[in-house]
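Engineer:
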Amino acid sequence: MNDNDPYMNDFMKVFETLIRWGPGSADETLKALNMLPVEPSKIIEIGSGKGLATLELAAQTNAEITAVDNEPSAIEKLAELANEHGYAHQIKPVCASMTELPFDDDSADLIWSEGSAYIMGVANALTQWRRLLTSNGLMVFSDLVWLTDEPSDDVVAFWKNEYADMTSITTRLQQIEQAGYELVDHFTLSEQAWKNYYLPLDERVNALRPSMPNSQALADIATEVELYKSQLHQFGYQMFIIKKR
Numbered sequence: 000m001n002d003n004d005p006y007m008n009d010f011m012k013v014f015e016t017l018i019r020w021g022p023g024s025a026d027e028t029l030k031a032l033n034m035l036p037v038e039p040s041k042i043i044e045i046g047s048g049k050g051l052a053t054l055e056l057a058a059q060t061n062a063e064i065t066a067v068d069n070e071p072s073a074i075e076k077l078a079e080l081a082n083e084h085g086y087a088h089q090i091k092p093v094c095a096s097m098t099e100l101p102f103d104d105d106s107a108d109l110i111w112s113e114g115s116a117y118i119m120g121v122a123n124a125l126t127q128w129r130r131l132l133t134s135n136g137l138m139v140f141s142d143l144v145w146l147t148d149e150p151s152d153d154v155v156a157f158w159k160n161e162y163a164d165m166t167s168i169t170t171r172l173q174q175i176e177q178a179g180y181e182l183v184d185h186f187t188l189s190e191q192a193w194k195n196y197y198l199p200l201d202e203r204v205n206a207l208r209p210s211m212p213n214s215q216a217l218a219d220i221a222t223e224v225e226l227y228k229s230q231l232h233q234f235g236y237q238m239f240i241i242k243k244r
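All letters in the sequence shown, in the order written, are residues 0 to 244 by numbering that gives the first Met the number 0.
(1) Go through its chain and collect everything with a Cβ distance to residue 89's Cβ below 7 Å, but skip five positions before and after it.
(2) Could I get the ranges of all uninterrupted beta strand (DSSP E) runs contained in the segment 158-234, with 3 residues as the minimum, in chain order?
(3) Report the residue from 31, 135, 164, 10 whose alpha carbon sits nearest the alpha carbon of residue 59.
(4) Just list the residues that DSSP pairs residue 243 with in beta bridges.
(5) Which one of 114, 37, 74, 152 has the shortest CA to CA distance from residue 134?
(6) Start and end of the alpha helix (DSSP H) containing residue 68?
(7) Exposed or buried, what is residue 68 when buried is set at 16 or more other beta-carbons lying within 10 Å of its beta-carbon?
(8) Here's a check: name, in chain order, each residue in its chain whose Cβ is nearer than 6 Å to the Cβ of residue 140, leaving out the five neighbours to either side.
(9) Distance, Cα to Cα, residue 138 vs residue 28?
(10) Pair every Cβ in the segment 216-236 with every Cβ in the segment 7-15, then say whether three or more of these pairs are closer than 8 Å.
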């Protein structure tokens, strides 16, 4: 992040006190984990944020977990939480870019990435991260997709600006196959997973309004939250469980 960028400074101010940076839940992390055909021993989690999914993975497996995020404050909080919950021996926090991961080929039997692959593009992530997986290695990732063939014009306009590569489940499944994986399973995240994210975010936005009345970042986040509240039937996060061919 550029410390001289007022927009990003405001954006991070909104999120700095929030533990969850995207839709999700412990139940759905566990649901995806239970869909794996084998139990993992070495996990690389990409885009870990402050570590909510990381802690669930540590609680449910005996795997060595390398948790990666490019935001130093998130990695610091993750390390703190891992220590508090007794998983410091199991979780290794790494501050790095998902586009320049400092790991050898064949270094994990599971890659986990909730809601972050879009940052570099899902197709690119599928291709670039594949080398990290051992033979028959697994990947779990979630991505924002259309849940209708005819989304409303205002919703299309919003996501065209926020996530131009957003597409259908069918297209993502085709990209998965083209990148050299086979599908194990997939499911749509629940409305509760979204509420876990946007309800605390909504409270935070409202709390900051008096001190940030002219913030464009705050206004944009508020608009996004209102969209979540009214239009979730048109879009959602899809969790994909896939296997390297």
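Glycine residues also receive a C-beta, built at the ideal position from the N, C-alpha and C atoms.
Structural biologist: Checking against the coordinates, here is how it stands:
(1) Taking residue 89 as the centre and dropping the five residues before and after it, the same chain places the C-beta of 57, 63, 64 closer than 7 Å to its C-beta, in chain order.
(2) Listed in chain order, the complete beta strand (DSSP E) runs (minimum 3 residues) inside the segment 158-234 are 180-187.
(3) When each option's Cα is compared against that of residue 59, the closest is 31.
(4) Partner(s): 180.
(5) Measuring from the Cα of residue 134, the nearest candidate turns out to be 37.
(6) That residue, residue 68, is in no alpha helix (DSSP H); its beta strand (DSSP E) goes 63-68.
(7) Buried is the call here.
(8) Counting only residues of its own chain and dropping the five nearest sequence neighbours on each side, residue 140 has a CB closer than 6 Å to the CB of 112, 116, 239.
(9) Between residue 138 and residue 28, the C-alpha separation is close to 13 Å.
(10) Pairwise C-beta distances place the segment 216-236 in contact with the segment 7-15, as three or more of them are shorter than 8 Å.
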